[in-house]
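Structure first, commentary second.
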Amino acid sequence: MAKEALSELDIDLDMIEHIEHDAGLGNGGLGRLAACFLESMASLGIAGHGCGIRYKYGLFEQKIINGFQVELPDNWLKNGNVWEIRKSDKSVVVKFGGNIRIQTTNGKDEFIHENYEPILGVPYDMPVIGYKNEIVNTLRLWSAESEKSDFDLSSFNKGDYQKAVEYKNSVEAISQILYPDDSSYEGKILRLKQQYFFVSSGLQSIVRRYKKKNGSLENFAEKIAVHINDTHPALCVPELMRILIDEEHFGWDEAWDITTNTLSYTNHTILPEALEKWPIDLFKSLLPRIYMIVEEINERFTKSLWDKYPGNWDLISDLAVISNGNIKMVNLAIVGSKYVNGVAKIHTEILKNKVMNNFYNLYPHKFNNKTNGVTHRRFLLKANPKLSNTISDAIGTKWIEKPTELMKLLKFKDDQSFREKIAIAKRYNKSILTKYIKDEYNLVIDETSIFDVHIKRIHAYKRQLMNVFHIMDLYNRLKENPNLDITPRTFIFAGKAAPGYVLAKDIIKLINTLAFKVNNDKLIKDKIKIIFIENYNVTLAEMLIPAADISEQISTASKEASGTGNMKFMMNGALTLGTLDGANVEIKDEVGYENMFIFGLKADEVIHYYDNGGYNAWHVYNHDYRIKKILNQLVDGFFEHEPEEFRLIYDSLLGHNDEFFVLKDFSSYVDTQSLVDEKYRDKQRWNKMCINNIAHSGIFSSDRTISEYAKQIWEINDKWL
Ligand code: OAK
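Structural data, given as structure tokens:
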């Protein structure tokens, strides 16, 4: 309808869509998952709303200059944002700093927060629209503003105008910029301010609305569920306690009962560098009242531990919320939550049996798994209209609302004409990408080659390096024998590196340096091409994923909590080349080994090496001539200029014993890549594998994930029906 109306005005809706900026308000998988969940909640008719920060600058824009990543600010609000509505009347005050005065009246302590700095949280609401169901939920993003207006600032402080402006800037800094580190954490005070700011704003607005609707907080925990999406909002635990005790005058026990029946927590990574802990001193001076509450939570909790495990200091200190001068946010989230979950089967098992084993023994009933999902309405229906139409022509359109209907495609897996239609859709999507690469990078790629796609944040554990080493090996083989019979391949990379993550930035530079060398080498007769597409974001993902033949999901087993790109590729008919890590395991359970390419160490083997040693990277270097050659090429001038440019990469593998087992898994990866090459030659069989993948992908819709959260965690049946 909108399309028709606009066309009467000679305006092309698709063009407008392209002008619109992505809202880059997250770093990677964690944030994108939340966006998929919001879409599914609206489409399933669940009253679920999002809460976050209205960053003025989202995730940086990535430019590649001379092969290097350069970061530019993402000024996404520059031309306004038509989807947001500012709701000044719903603003809240968030208190930082100051001191707490305890006043005892009639034997009851009251906690009076004095001399604090008040920050105004102003909500901007964005609609989250359900699929053809007339349901609109809300993503509420909070912006930090000074309580004083611009006018007040300048007139009140005439003598000190500059100070007034500085003050205003320091307040607004809270919602100025998204920290660009994915899965790694730095204890910056501004980050703690951001966390408390959006937690406090969000909870205040939830409680206020509940009271307005219901007159009191009766049945709050039965009607409201608040989800802690990784530990970034773990301050929900003490903040809800603060609101209930200080503002609503509940006693501790009652407040604790409400809190621990309202909150649940999802863990999204086991990487130790991502686990947040805040130094007591910093925390206490920024959030004095919240610190008092955390201290009391910790005291009561450790007392109960002492009763259960008398004398077991090590265990108690591991479980304690505060230890060694730090507040451990994972511990706070687990203690204050009704349920705790991981995001894929293997991830949850690792949480239960290793990372959170002591908590699991204490609270086995709290732990459960919720395997991630993605919205198939964005990543299949919208991103891949060609394939979607082919699917709907075969099985109707029910799959859009009930994605397990995709199973009906299995009927057609041996149907020659359907296989051909699937192949036509893929070819079409590949031709769009081919044109994009020609237009943007002036690189000609072979549309009929295997499109081998590796797109995600650049991180050592995601092993973009192993992919690069395979290409270097292939190139070395082609140089030795230019007539080597290989299926032509286009290796496509995209992804951002955290600005401070030097190794990841070196990997980007290596990919681009190799691309330059290989793409310009006439001797290899265009059999391989490499392209790094800059500024990976959702818009690009929507073009790249439908065009992929191979989905690279090659993290070191045990390290990728789930992955969600793997699911997006699968539903678009790409075949997974991956380790048994994260949700790759469940993909394997769905389609079987015969419809994907699995290789490498298993999670338990990796963990065994970490725990017991026994891996020696030098050994692989000395015994695999391919590895020796590749690693030497990193530092011997093979890439002509700057022979020392890739020394850090070399050292990470040999000097630091290859933490992510790149060299260890190399051989099995190369063998599996050869299998891919061979299997791709039999087009009929390949297309059948694609159909199998698409048909089995329904379970990876976030509709399934959200239904599970709704029933088993938020207990929505009891609460809403
Ligand atoms: C980022 C920062 C801190 C903690 C976790 C993350 C994160 O992005 N984790 C990712 O979450 C995704 C959604 O659950 C998973 O699919 C990814 O495997 C995981 O790395």
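For what it's worth, this note's numbering labels the leading residue of the sequence shown as 305, then goes sequentially.
Backbone N, C-alpha and C fix where the C-beta goes; we use that ideal spot for every residue, glycine too.
- Leaving aside the five residues that flank G434 on each side, the residues in its chain whose CB is nearer than 6 angstroms to its CB run, in chain order, A346 and S347.
- The continuous beta strand (DSSP E) containing M430 extends over residues E421 to I433.
- A distance below 7 angstroms separates the beta carbons of H417 and I404.
- Following the DSSP letters along the chain, one finds G882 inside the beta strand (DSSP E) bounded by residues L879 to G882.
- Between V541 and A637, the beta carbon gap of about 7 angstroms places them in contact (Cβ cut-off 8 angstroms).
- Judged by DSSP in its simplified three-state form, T570 adopts strand.
- At a cut-off of 4 residues, the continuous stretches assigned as alpha helix (DSSP H) that sit fully inside the stretch 648-673 are 649-654 and 661-666.
- Cβ contact annotation for E724 (same chain, cutoff 6 angstroms, sequence separation greater than five): none.
- Using a cutoff of 6 angstroms, the CB of N676 counts as near the ligand OAK, since one of the ligand's heavy atoms is closer than that.
- Among the bridge pairs identified by DSSP, Y361 is matched with I481.
- Relative to the ligand OAK, the beta carbon of G333 is positioned inside 6 angstroms of a heavy atom.
- Judged by DSSP in its simplified three-state form, V503 adopts helix.
- A contact is defined here as three or more CB-CB pairs under 8 angstroms, and the stretch 970-990 fails this definition with respect to the stretch 838-852.
- L623 and F663 have their C-alpha atoms roughly 7 angstroms apart.
- Distance from the Cα of I423 is smallest, within the candidate group I439, F716, S395 and K829, for S395.
- Across the set S1005, T817 and E909, the C-alpha of T817 shows the shortest separation from the C-alpha of E949.
- Close CB contacts of T976 within its chain, under the 6 angstroms cut and outside five residues either way in sequence, are with F901 and F903 (chain order).
- Fewer than three beta-carbon pairs drawn from the stretch 939-956 and the stretch 1002-1013 are found closer than 8 angstroms, and the two stretches are therefore not classed as touching.
- Its Cα nearest to that of S509, the residue D429 stands out among D429, V647, S866 and S721.
- Among the bridge pairs identified by DSSP, L443 is matched with G354 and M430.
- Pairing V748 with I741, the inter-Cα distance amounts to about 7 angstroms.
- Shortest gap from the CB of E864 to any heavy atom of the ligand OAK: under 6 angstroms.
- Ranked by Cα distance from F836, the options L979, S721, K581 and F372 are led by F372.
- Assignment of I790 by DSSP, reduced to helix, strand and coil, places it in the coil class.
- Taken through DSSP and simplified to helix, strand or coil, N693 comes out as helix.
- Taking 6 angstroms as the cut-off, one finds no heavy atom of the ligand OAK near enough to the beta carbon of T408.
- Below 8 angstroms, too few C-beta pairs join the stretch 883-890 and the stretch 789-800 to call them touching: fewer than three.
- Residue environment for I728: exposed (fewer than 16 other C-beta atoms within 10 angstroms of its C-beta).
- The beta-carbon distance between G877 and C994, rounded to whole angstroms, is 4 angstroms. This is short enough to meet the 8 angstroms contact definition.
- Inter-residue distance for I323 and S735 is about 22 angstroms (C-alpha atoms, whole angstroms).
- Judged by the Cβ position, A845 fails to qualify as a neighbour of the ligand OAK at the 6 angstroms threshold, every heavy atom of the ligand being at least this far.
- Its Cα nearest to that of Y613, the residue N665 stands out among R781, N665, G1002 and E365.
- With a threshold of 6 angstroms, the Cβ atom of H572 counts as near the ligand OAK, since some heavy atom of the ligand is closer than that.
- Contact between the stretch 551-566 and the stretch 638-648 is present: 3 or more CB-CB pairs across the two stretches fall below 8 angstroms.
- Its chain contains no residue whose beta carbon lies nearer than 7 angstroms to that of N383 once the 5 sequence neighbours on both sides are disregarded.
- V889 is the residue among H325, N899, F755 and V889 whose C-alpha sits nearest the C-alpha of N676.
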